[in-house]
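Counting in the working numbering, the sequence shown runs from 130 upward without gaps. Yeah, the Cβ is synthetic: ideal placement off N, Cα and C, and Gly gets one too. Every value quoted in this text rests on a predicted model; they were computed, and no experiment measured them. One structure is given here, and the rest of the page talks about it.
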Amino acid sequence: MFSDTTLVFVLIAAAGVLMASGRIRFDAVALLAVLALMLTGVLSVDEALSGFGSPVVALVAGLLVIGEMLSRTGVARAVGDWILSRGGNHEARLLALVMAGAALLGSVMSSTVVVALFIPIVLRIAAATGLNASRMLIPLSYASLISGMLTLIATTPNIIVHQQLKSAGFDGFGFFSFSPVGLAVFSVALIYILLAGRFMLGPRQARGSDQPYTRSLQDLWQLHSPHAGYRKVKVLPGSPLVGKTIAEAQLETRYHLRIVGVVQTMRSHDDTIVIPQTNYELVARNILYLVGPESSIDQLIEEQKLAAVAPGKIDQQRWMRENSGAAVLIHPESQLLGKSLREIGFRSDYGVHVLGMRRNFHAVEDFENVPLHAADSLFVVGPRAKLKTLANKSYDFVITEYPSEHHEPVSSRKHMRISLLILLAFVLLTLFEVVPLVAAVIIASLAAIFTRCLTMEEAYRSIHWSSLVLIAGMLPMARALEKTGGTQLITDLLVAASSHSGPYLLMTLLFFITASIGLVLSNTAAAVLMAPIAVYAATGIGASPYPFAVAVLIAASSSFSTPVATPVVTLVVDPGRYKFIDFVKVGVPLLLLTYLTTLVTAPWVFPFFPEA
């Protein structure tokens with residue numbers, strides 16, 4: 130028994146090391162853990178795979194679909210527009226509205242998606258007001274994290290803790306059971322940001338050259354690829370390129386050049402510049418728009434019988450009719466991490482050109498062959514429809530900035546009222562326990578599809594499968610701890626440490642252990658491991674499990690102090706131009722304030738020793 134317990138602790142430590150290294154995806158680590166538990170005999174095959182049949186997995190999948198419904202029907206965009214109209218140029222008021230808006234949306238949809246949606250909104254606000262976006266993006270990410278403390282469905286750890294209470298024979302949480310604690314934390318965080326936090330994040334006004342959303346297409350391109358050139362050329366009769374497709378011309382391989390536009394004359398005789406596919410056949414008198422090294426363009430003109438053409442004043446206007454550009458972040462949970470753009474076949478798969486890459490605020494040379502890292506920023510150009518498709522892949526990409534020439538049409542919001550009604554019905558079903566939570570989630574998800582707020586394909590695409598695998602893989606780890614006596618061992622140690630000091634010390638230990646695990650593994654893993662320990666430790670001292678369970682779920686959503694603990698925070702690093710120390714100096718005090726707030730409010734909402 131002792132050897133099995135030791136083995137489980139070793140497996141947890143190994144999983145922590147692998148996740149912290151960043152070399153292996155979290156979901157792959159979870160599957161390795163499942164395999165190890167199975168092969169070592171610690172768990173049977175059925176026990177090791179039991180996580181894939183857990184109600185938690187179905188709940189999380191359904192909640193992602195509901196969040197996608199709110200995103201696609203324009204709810205988040207409407208909130209951003211309202212903030213911009215109400216905030217004016219008053220930084221404190223804008224910060225309060227941004228944080229409140231993010232917390233409100235995050236209480237009913239994925240906080241990662243909320244941050245991805247709000248980054249361009251905050252940058253747009255900064256551009257309109259001249260304020261420094263860096264003083265708003267970290268507060269945005271913190272408010273999105275705190276949104277997980279507001280409702281039962283706000284984040285996965287809440288669902289895990291709720292399910293653990295029910296498994297232990299207690300009533301689970303209601304929809305708003307711990308909302309008073311979360312609201313207290315949010316209020317303290319808002320006051321802290323307004324009185325102190327924002328002043329640690331740079332000057333109030335942004336420098337004009339750094340101001341996002343005022344940068345032109347050319348500025349964004351130069352930011353990502355400062356040495357690239359641009360030229361307009363004409364294919365002359367007799368050119369070796371005539372009759373060849375773009376793929377056959379091999380301009381990229383031979384000259385490191387790309388054709389990003391071809392002039393086409395429409396029936397109205399009004400020229401339009403389109404981005405051609407690789408099977409486009411070049412003909413004499415084609416006007417081409419090339420990007421790449423200037424010396425290579427000169428060499429191409431000479432060797433392939435082309436003529437340089439001076440760009441006209443209306444060229445960009447023509448190009449922007451159907452095409453545009455964007456700065457795009459690689460999502461920290463993207464399936465593309467570790468692969469190069471060439472390996473992915475980015476242009477053929479997504480229909481856009483990548484013209485530059487930035488990493489840690491510096492342009493990357495030979496970017497097509499460099500493995501992608503989390504929060505790498507790409508500058509892409511392509512048809513607007515393709516950019517919209519890219520934006521919809523919110524767990525792979527986050528569009529942070531469009532050029533100043535880009536005028537994005539307002540998306541259709543005809544289904545916004547329907548989606549809000551579905552959300553309201555879902556909340557009421559959950560609040561009054563008309564049906565089980567998992568049934569309410571499935572009803573709301575199907576309602577979104579049947580009312581055409583989402584298609585079935587969009588619903589499937591919204592589900593972040595790697596997150597589900599991570600959850601399903603970590604749940605058996607908690608089962609293994611319990612089966613081998615590891616949970617009881619930790620519980621006994623915590624009870625012994627706090628037996629003479631009262632429940633506040635136990636709550637303190639649970640809070641900081643959970644927060645620490647969340648920094649190394651993930652908040653999901655922290656909740657999986659600590660929820661049963663919190664319940665058993667509370668029982669061990671004869672106290673109610675609820676205040677300790679709340680401490681665990683609050684701590685699991687308190688990853689304020691590093692930029693790598695959660696995608697919610699990682700996403701703001703590049704657009705905010707932050708350094709690691711920015712998160713430490715602003716986040717550590719907020720973590721301590723969150724702990725103190727929880728210590729005061731959780732026992733008030735859920736007494737340690739309720740009267741019989």
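> Between which two residues does the alpha helix (DSSP H) harbouring Y418 extend?
Replying inline: Per DSSP, Y418 belongs to no alpha helix (DSSP H); it is in the beta strand (DSSP E), I416 to G421.
>> Using only the alpha-carbon positions, how far apart do T695 and Y359 sit?
In response: Distance between T695 and Y359, taken at the CA atoms: about 39 Å.
>> As an exercise, report each continuous alpha helix (DSSP H) stretch of at least 4 residues that is fully enclosed by the segment 554-593, in chain order.
In response: The alpha helix (DSSP H) runs lying completely inside the segment 554-593 and spanning 4 residues or more are 566-579 and 585-591, given in chain order.
> What did DSSP end up calling K522 once you bin it into helix, strand or coil?
Replying inline: DSSP places K522 in coil when its eight states are reduced to three.
>> So S270 and V244 are supposed to be a Cβ contact under 8 Å. How far apart are they, rounded?
In response: The Cβ separation is near 6 Å, so the contact holds.
>> With a threshold of 7 Å on Cβ separation, who are the neighbours of A607 within its own chain once the five nearest residues in sequence on each side are excluded?
In response: Here the set comprises V657, L658 and P661.
> If you draw a straight line from the C-alpha of D505 to the C-alpha of A672, how long is it?
Replying inline: Spanning the two alpha carbons is a distance of roughly 48 Å.
> Pick from L639, T407 and E377: whose alpha carbon is nearest that of G390?
Replying inline: Looking at the Cα atoms, T407 is the closest of the given residues.
>> To the nearest angstrom, how far is the alpha carbon of Q293 from that of P268?
In response: So the two alpha carbons sit approximately 31 Å from each other.
>> For T351, tell me which candidate among L192, V717 and E494 has the shortest Cα-Cα distance.
In response: Sequence check: residue 351 is Gln here, not Thr. Ranking L192, V717 and E494 by Cα distance to Q351 puts E494 first.
> Less than 8 Å separating the beta-carbons of A609 and V174?
Replying inline: No, the pair does not count as a contact, with Cβ atoms beyond the cut-off.
> What does V403 pair with, by DSSP beta-bridge criteria?
Replying inline: Under DSSP, V403 takes part in a beta bridge, and its partners are V391.
>> Looking at A601: is its Cβ nearer than 8 Å to the Cβ of V171?
In response: With contacts defined by Cβ atoms closer than 8 Å, A601 and V171 do not form a contacting pair.
> Residue ranges of each alpha helix (DSSP H) run of no fewer than 4 residues wholly in the segment 146-193, ordered along the chain?
Replying inline: Qualifying alpha helix (DSSP H) stretches, in chain order: 155-168 and 174-177.
> Should the segment 453-464 be called in touch with the segment 506-515, which here means at least 3 C-beta pairs below 8 Å?
Replying inline: Contact holds between the segment 453-464 and the segment 506-515, because three or more Cβ pairs, one in each stretch, are under 8 Å apart.
>> According to DSSP, S506 sits in a beta bridge with which residue or residues?
In response: When DSSP reads this structure, S506 sits in a beta bridge with L458 and R487.
> With respect to the beta strand (DSSP E) encompassing V364, which residues constitute its N-terminal and C-terminal limits?
Replying inline: Judged by DSSP secondary structure, V364 falls within the beta strand (DSSP E) whose first and last residues are G358 to V364.
>> If you follow the beta strand (DSSP E) that A437 is in, where does it begin and where does it stop?
In response: L435 to V438 is the extent of the beta strand (DSSP E) around A437.
> When DSSP builds the beta bridges, which residues end up paired with T382?
Replying inline: Answer is none; T382 lacks a bridge partner.
> What does a CB cutoff of less than 7 Å around D133 pick up in its chain, not counting 5 residues either side in sequence?
Replying inline: Non-local beta-carbon contacts of D133 in its own chain, meaning distances under 7 Å to residues more than five positions away in sequence, involve V171 and T613 in chain order.
>> I need the straight-line Cα distance from T584 to T202, nearest angstrom please.
In response: Those two C-alpha atoms are separated by around 12 Å.
> According to the neighbour-count rule (16 or more other Cβ atoms, all chains shown, within 10 Å of its Cβ), is R264 buried or exposed?
Replying inline: Under this definition R264 is a buried residue.
> Taking all protein chains shown into account, do 16 or more other C-beta atoms lie within 10 angstroms of the C-beta of Y589, making it buried, or fewer, making it exposed?
Replying inline: Only exposed fits Y589, as fewer than 16 other CB atoms lie within 10 angstroms of its CB.
> Assuming N274 and S308 make a contact with CB atoms under 8 Å, what is their CB distance in whole Å?
Replying inline: Note on residue identity: the sequence assigns Leu, not Asn, to residue 274. Between L274 and S308 the beta-carbon gap is near 16 Å, outside 8 Å, which marks them as no contact.
>> Helix, strand or coil for A607? Go by DSSP, reduced to three states.
In response: A607: helix per DSSP, three-state reduction.
>> Short of 7 Å in beta carbon distance, which residues of its chain neighbour I153, apart from the five on each side in sequence? Order them along the chain.
In response: So the list reads L147, once near-sequence residues are dropped.
> Taking Cβ to Cβ, would you say R387 is nearer than 8 Å to G421?
Replying inline: Their beta carbons are under 8 Å apart, which means R387 touches G421 by this criterion.
>> Can you tell me whether L324 is buried or exposed? The criterion is at least 16 other CB atoms within 10 Å of its CB, across all chains shown.
In response: Counting Cβ neighbours within 10 Å, L324 comes out exposed, since fewer than 16 surround it.
> Among residues of its own chain, excluding the 5 on either side of V371, which ones have a beta-carbon nearer than 7 Å to its beta-carbon?
Replying inline: Here the set comprises V364, L411, V412 and A413.
>> Counting C-beta neighbours from all protein chains within 10 Å, is the total for P332 16 or more, i.e. buried, or is it exposed?
In response: Label assigned to P332: exposed.
> Got a sec? Which residues, its chain only, sit under 6 Å from Y531 by beta carbon, not counting five neighbours each side?
Replying inline: Excluding positions up to five away in sequence, the list reads A455.
>> In this structure, how does DSSP classify I670 when only helix, strand and coil are distinguished?
In response: In the structure shown, I670 falls within a coil segment according to DSSP collapsed to helix, strand and coil.
>> Using a Cβ-Cβ cutoff of less than 6 Å, which residues in the same chain neighbour H544 once the five nearest sequence positions on both sides are dropped?
In response: Once the five neighbours on either side are set aside, the close Cβ partners of H544 are T202 and C582.
> Where does P792 fall in DSSP's three states?
Replying inline: Examination of residue 792 is not possible in this model, given that the chain is present from 130 through 741 alone.
> Taking Cβ to Cβ, would you say V314 is nearer than 8 Å to T727?
Replying inline: By the CB criterion at 8 Å, V314 and T727 fall inside the cutoff.
> Just checking, does the segment 707-717 make contact with the segment 291-306 on the three C-beta pairs under 8 Å criterion?
Replying inline: The segment 291-306 and the segment 707-717 do not touch, with fewer than three beta-carbon pairs separated by less than 8 Å.
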